[in-house]
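If you use the numbering used here, the sequence shown closes out at 430, no skipped numbers anywhere.
Ideal placement from N, C-alpha and C gives every residue a C-beta, glycine not left out.
Only a predicted model underlies this, so the values are computations on that prediction, with no experimental measurement involved.
Here the structure is laid out as structure tokens; the discussion comes afterwards.
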Amino acid sequence: CYINCQLHTTRFGIFSQIHKKLFGHQPPETGVPFSRVYEKVMNKLSADNKALVVAFDDVNYLFQTQHANKIFYDILRAYEEFEGVRTGIFAIISDLEFRYALDKNVNTVFIPQDITFQPYTYSEIFSILQDRARAGFYHGVISDEIIEEIANHTLEVGDLRVGIDLLRVCGNIAEANASRSITLEHVEEAVSKQGSINLMETINSLNDIERTLLRAVVDSDEILTAGDLSKQFKEEAGVSYATFNRTLEKLEFLRLVDTKFTGKGVRGNSREIILRFSPEDIKRCNL
Numbered sequence: 144c145y146i147n148c149q150l151h152t153t154r155f156g157i158f159s160q161i162h163k164k165l166f167g168h169q170p171p172e173t174g175v176p177f178s179r180v181y182e183k184v185m186n187k188l189s190a191d192n193k194a195l196v197v198a199f200d201d202v203n204y205l206f207q208t209q210h211a212n213k214i215f216y217d218i219l220r221a222y223e224e225f226e227g228v229r230t231g232i233f234a235i236i237s238d239l240e241f242r243y244a245l246d247k248n249v250n251t252v253f254i255p256q257d258i259t260f261q262p263y264t265y266s267e268i269f270s271i272l273q274d275r276a277r278a279g280f281y282h283g284v285i286s287d288e289i290i291e292e293i294a295n296h297t298l299e300v301g302d303l304r305v306g307i308d309l310l311r312v313c314g315n316i317a318e319a320n321a322s323r324s325i326t327l328e329h330v331e332e333a334v335s336k337q338g339s340i341n342l343m344e345t346i347n348s349l350n351d352i353e354r355t356l357l358r359a360v361v362d363s364d365e366i367l368t369a370g371d372l373s374k375q376f377k378e379e380a381g382v383s384y385a386t387f388n389r390t391l392e393k394l395e396f397l398r399l400v401d402t403k404f405t406g407k408g409v410r411g412n413s414r415e416i417i418l419r420f421s422p423e424d425i426k427r428c429n430l
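Spelled out as structure tokens, the structure:
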């Protein structure tokens, strides 16, 4: 069962998709508890002697909503409650540290095997974007030079979807300007718009504690260490070090901050907290 995690992020939403795959329709959105849908799905698998394999695309979105561990647990440990049920998960993500974001009781049964797909080369990116441009635009609307600019940006970002979306945004900007062709100025405007929208969506997904921690990093006039930030965060939010560490890991997972070991501190484990975006860009996103 394929699940697009950008569209489905809750336990009920995901098991509704599994229910649809098994029974041909989704359960009612209201009036039916999750436990009933879950039991119906697992009993069907057991009765039909079928295995359930779920492919989570963009699984990082489950972590943004903090539902990932529970959903993985529901699927992978179903055999403990339902005799004969066999389940498995494919988790599709660009972050190779993904498995460490799972709880221990999930990781012990998940035991993921990594399948690494090498990044696209520049020539591959250019060829794919060129094919998309030919399919989407009239002849002469976009030149190879402009596609090269988009390909360069795509290679730098490391996500082919960014380049494909830039073609769309550039076309919309050119059309709005009554231009018969896409120019370098259109590309620059599209890159600016795309970056701010993605950043704003990420920041809007944060809860209050995560926003407080990010704001502390943004407002600092100097590079903070994890120890200093932990003390400040405890005073402002009144949370434990464990909560601080989980929150910092999520901000790093979402590519809002980086952490860098300095070789100082206890056993050389002191870390510096570095923003991946300028403070001004983050503040413009209603932090």
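Supposed contact pair residue j and residue i - C-beta distance, whole angstroms, cut 8 angstroms
i    : j    : result
R304 : K213 : Contact flag wrong, Cβ pair sits at about 28 angstroms.
F387 : A359 : Rounded, the Cβ-Cβ distance is 10 angstroms, inconsistent with contact.
I346 : I285 : So it is not a contact: roughly 32 angstroms between Cβ atoms.
L188 : V228 : 5 angstroms
L272 : R354 : With a Cβ gap of about 36 angstroms, L272 and R354 do not count as contacting.
P422 : V361 : 5 angstroms
Exposure of residue i, with buried meaning 16 or more beta-carbon neighbours within 10 Å
i    : result
H210 : buried
K193 : exposed
E379 : exposed
I268 : buried
E223 : exposed
T390 : buried
E344 : exposed
R277 : exposed
R414 : buried
L152 : Residue identity differs from the one stated: residue 152 is Thr in this sequence, not Leu. By the neighbour-count rule (16 or more Cβ atoms within 10 Å), T152 is buried.
K403 : exposed
V249 : buried
S373 : buried
I161 : buried
K163 : exposed
K247 : exposed
I258 : exposed
A317 : buried
Terminal residues of the beta strand (DSSP E) in which residue i lies
i    : result
Y181 : Taken as a continuous stretch (DSSP letters only), Y181 belongs to no beta strand (DSSP E), being part of the alpha helix (DSSP H) at 177-191.
V197 : 194-200
Y145 : 145-147
E415 : 414-418
F233 : 229-235
T402 : 400-404
Residue range of the alpha helix (DSSP H) that includes residue i
i    : result
R358 : 351-362
C313 : 303-319
E172 : Counting along the chain, E172 falls outside any alpha helix (DSSP H), and DSSP gives it neither H nor E.
E291 : 287-300
L372 : 369-380
Y216 : 211-219
R275 : 265-279
E395 : 384-396
Q438 : Because the chain here runs from 144 to 430, residue 438 falls outside it and cannot be looked at.
D424 : 422-426
N429 : Run containing N429: none; DSSP gives neither H nor E here.
D165 : Reading off the sequence shown, one finds Leu at residue 165, where the question assumed Asp. That run of the alpha helix (DSSP H) goes 154-166.
Beta-carbon spacing of residue i, residue j below 8 angstroms
i    : j    : result
I235 : A190 : no
L349 : L357 : yes
R427 : D401 : no
I425 : A369 : no
Y145 : D201 : no
T297 : G283 : no
F233 : L245 : no
F225 : N186 : yes
L195 : T251 : no
Closer than 7 angstroms: residue i CB and nearest the ligand NAD heavy atom
i    : result
L394 : As for the ligand NAD, it is missing from this structure, which has no ligand bound.
Min CB distance residue i to chain D below 8 angstroms
i    : result
R414 : Here chain D cannot be found, since the structure has a single protein chain.
* Asked: Are the segment 212-228 and the segment 178-187 touching by the rule of at least three beta carbon pairs closer than 8 angstroms?
  -> Yes: the two stretches touch, three or more of their Cβ pairs being nearer than 8 angstroms.
* Between the segment 290-301 and the segment 327-345, do at least 3 Cβ pairs fall closer than 8 angstroms? -> By the Cβ rule, the segment 290-301 counts as touching the segment 327-345, because three or more pairs are nearer than 8 angstroms.
* Are the segment 191-206 and the segment 169-176 touching by the rule of at least three beta carbon pairs closer than 8 angstroms? -> Too few Cβ pairs lie closer than 8 angstroms, so no.
* **Three or more C-beta pairs below 8 angstroms linking the segment 309-322 and the segment 395-406** => The segment 309-322 makes no contact with the segment 395-406; the number of CB pairs closer than 8 angstroms stays below 3.
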